[in-house]
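For reference, the structure discussed in these notes is given below.
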Amino acid sequence: MAELDVLIKARRVITAAGEVARSIGVRDGMVTAVEPLEADLEAAEVVELGDDEVLLPGLVDSHVHVNDPGRTEWEGFESATRAAAAGGVTTIIDMPLNSVPPTTDVAALRTKWRTAQGQVYVDVGFWGGAVPGNLRDLRGLHDAGVFGFKCFLLHSGVDEFRHLEPGELVDALWEIGSFDALMIVHAEDPHVIEHAPAAHGAGYGDFLRSRPREAENRAIAQVIELARRTGCRVHILHLSSSDALPMIRSARRDGVRLTVETCPHYLTFSAEEIAEGATQFKCCPPIREAANRELLWQGLADGTIDCVVSDHSPCTPELKRFDIGDFGVAWGGIASLQLGLPAVWTEARRRGHALADVVRWMAERPAEQAGLSRKGRIATGYQADFCVFAPDQVFVVEKERLHHRNPVTPYHGRPLAGVVRGSWLRGVPIDIDSPPRGRLLNRGGA
Ligand SMILES: [Zn+2]
Numbered sequence: 000m001a002e003l004d005v006l007i008k009a010r011r012v013i014t015a016a017g018e019v020a021r022s023i024g025v026r027d028g029m030v031t032a033v034e035p036l037e038a039d040l041e042a043a044e045v046v047e048l049g050d051d052e053v054l055l056p057g058l059v060d061s062h063v064h065v066n067d068p069g070r071t072e073w074e075g076f077e078s079a080t081r082a083a084a085a086g087g088v089t090t091i092i093d094m095p096l097n098s099v100p101p102t103t104d105v106a107a108l109r110t111k112w113r114t115a116q117g118q119v120y121v122d123v124g125f126w127g128g129a130v131p132g133n134l135r136d137l138r139g140l141h142d143a144g145v146f147g148f149k150c151f152l153l154h155s156g157v158d159e160f161r162h163l164e165p166g167e168l169v170d171a172l173w174e175i176g177s178f179d180a181l182m183i184v185h186a187e188d189p190h191v192i193e194h195a196p197a198a199h200g201a202g203y204g205d206f207l208r209s210r211p212r213e214a215e216n217r218a219i220a221q222v223i224e225l226a227r228r229t230g231c232r233v234h235i236l237h238l239s240s241s242d243a244l245p246m247i248r249s250a251r252r253d254g255v256r257l258t259v260e261t262c263p264h265y266l267t268f269s270a271e272e273i274a275e276g277a278t279q280f281k282c283c284p285p286i287r288e289a290a291n292r293e294l295l296w297q298g299l300a301d302g303t304i305d306c307v308v309s310d311h312s313p314c315t316p317e318l319k320r321f322d323i324g325d326f327g328v329a330w331g332g333i334a335s336l337q338l339g340l341p342a343v344w345t346e347a348r349r350r351g352h353a354l355a356d357v358v359r360w361m362a363e364r365p366a367e368q369a370g371l372s373r374k375g376r377i378a379t380g381y382q383a384d385f386c387v388f389a390p391d392q393v394f395v396v397e398k399e400r401l402h403h404r405n406p407v408t409p410y411h412g413r414p415l416a417g418v419v420r421g422s423w424l425r426g427v428p429i430d431i432d433s434p435p436r437g438r439l440l441n442r443g444g445a
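For reference, each letter of the sequence shown is one residue, going 0 to 445 in numbering that gives the first Met the number 0.
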């Protein structure tokens, strides 16, 4: 009997040692051997990658809004996880809002589980929500397996997921810190935004002025201060304002337990190039100027920013209000789950980064940050989740060919470098035309 289920031979594999030629042995869904390419290992099946292909660990996207149940017409588990698989993402963690019910107590988490069961092509975990009045539900959600808790400091965009006032935030941080869980924060300050001019009309500049950098800067300063005071682990979601990078750096130097993510759209687009009425680019915090984008790239390069995750937040085309193109009334959210890897790689290689850097930002660090100790790397003892990537093949994004539910994305028409040729989950290629094999994850369970 063969010792391995599969042996994958690839001239280019991204491992902890960087990019190397390796034979990867898989048994029972786990990587059990990482050997030189020519190593003679017995396996039931041998797969050889093409000369233009690189084996990456399956990506981990810790910021996805699946919206199911309740707003399934925006997105659902089946369509979202199909898009993930087609984009090389083998694990997603679902955000607690935009579904109904939001994931703010154990009963709602169980509803999510029932809805997702049997529908997922990749592995799926869940964030819980910290909202006014659910302080006593947080421990139960933690024990039931959520990966941490999300909160907003201003209106979330949906009325059923309310934001925390400063006093409530302090209470939630003490509570969550008492069992050493993670708080993830949408950091924009409501008072700064109240005093900014309101967004209206088709001009992107007006929308940008309605969500100024100062709103993010002030909220992040507040979150850092409270993380310092309570000792709670805190993660800043979707950083857009590069102004906040110096204070993040210095807080970390001081030992504040703080991690930070940004998103492919902040690293790709710039405010200057967004056309009148192009509300597919609307998200909060907003895409800012090209000079800001370059500073975010520097923050990634020097390690201040840990992760790049999608913040895939789709809706129906009607809610983007393309009929009037009004940035004030259109839904804020960008759909990009399938495109994160080529989008980031296209911009990264232009700036001299290697694929190993992209893997660190999009697989290794998001897995660590979520406590997924057997995902995000190709190494013995890790799950055999892979992405087969052709980094030099160029394609033009066609929204109709994406798998997420509604064909809306700001990447439509954009040429990108890097084609995902396949994704593997626990040692088996994912076939999005067959019944799904993904699992629902508990924190600490994978
Ligand atoms: Zn989000």
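All residues carry an ideal CB built from backbone N, CA and C; glycine is no exception.
Residue i beta carbon near ligand 1 (any heavy atom closer than 8 Å)
i	result
glycine 128	no
methionine 182	no
aspartate 67	no
glycine 147	no
glycine 28	no
aspartate 93	no
serine 249	no
aspartate 301	no
serine 98	no
serine 239	no
aspartate 310	yes
leucine 40	no
glycine 204	no
histidine 185	yes
glycine 332	yes
leucine 163	no
leucine 236	yes
histidine 62	yes
Helix, strand or coil at residue i [DSSP, three-state]
i	result
methionine 182	strand
threonine 303	coil
histidine 62	strand
proline 100	coil
phenylalanine 280	helix
alanine 366	helix
isoleucine 23	strand
tryptophan 126	coil
serine 241	helix
histidine 199	coil
serine 177	helix
glycine 298	helix
phenylalanine 206	helix
valine 427	strand
histidine 264	helix
valine 88	strand
leucine 318	helix
lysine 149	strand
leucine 440	coil
isoleucine 219	helix
glutamate 399	helix
glutamate 224	helix
glutamate 164	coil
Span of the alpha helix (DSSP H), counted from its first residue to its last, around residue i
i	result
glycine 139	137-143
alanine 329	No alpha helix (DSSP H) contains alanine 329, which DSSP labels as neither H nor E.
histidine 190	189-194
methionine 94	It is not in any alpha helix (DSSP H) - methionine 94 carries neither H nor E in the DSSP assignment.
methionine 246	244-252
valine 343	339-349
phenylalanine 76	76-85
leucine 354	354-358
Continuous beta strand (DSSP E) stretch holding residue i: start and end
i	result
glutamine 118	Neither: glutamine 118 is in no beta strand (DSSP E) and is coded neither H nor E.
proline 390	385-395
aspartate 451	Outside the shown range of the chain, which is 0 to 445, sits residue 451, and nothing can be said about it.
proline 211	First-last for proline 211: undefined, no H or E at that position.
valine 46	42-47
valine 259	257-261
leucine 55	53-56
valine 419	414-424
valine 33	29-35
valine 233	232-235
Residue i at chain C interface by Cβ criterion, 9 Å
i	result
leucine 163	The displayed structure is made up of one protein chain only, and chain C is not part of it.
Beta-carbon separation (whole angstroms), residue i vs residue j, contact threshold 8 Å
i	j	result
isoleucine 304	valine 358	Actually they do not touch by this definition, with Cβ atoms about 15 Å apart.
alanine 85	leucine 54	Actually they do not touch by this definition, with Cβ atoms about 17 Å apart.
glutamate 288	alanine 270	5 Å
threonine 278	arginine 320	6 Å
leucine 108	glycine 127	7 Å
tryptophan 360	leucine 295	Not confirmed; about 12 Å, so no contact.
Any non-hydrogen atom of ligand 3 closer than 8 Å to residue i Cβ
i	result
histidine 154	Only ligand 1 can be found as ligands here, which leaves ligand 3 out of the picture.
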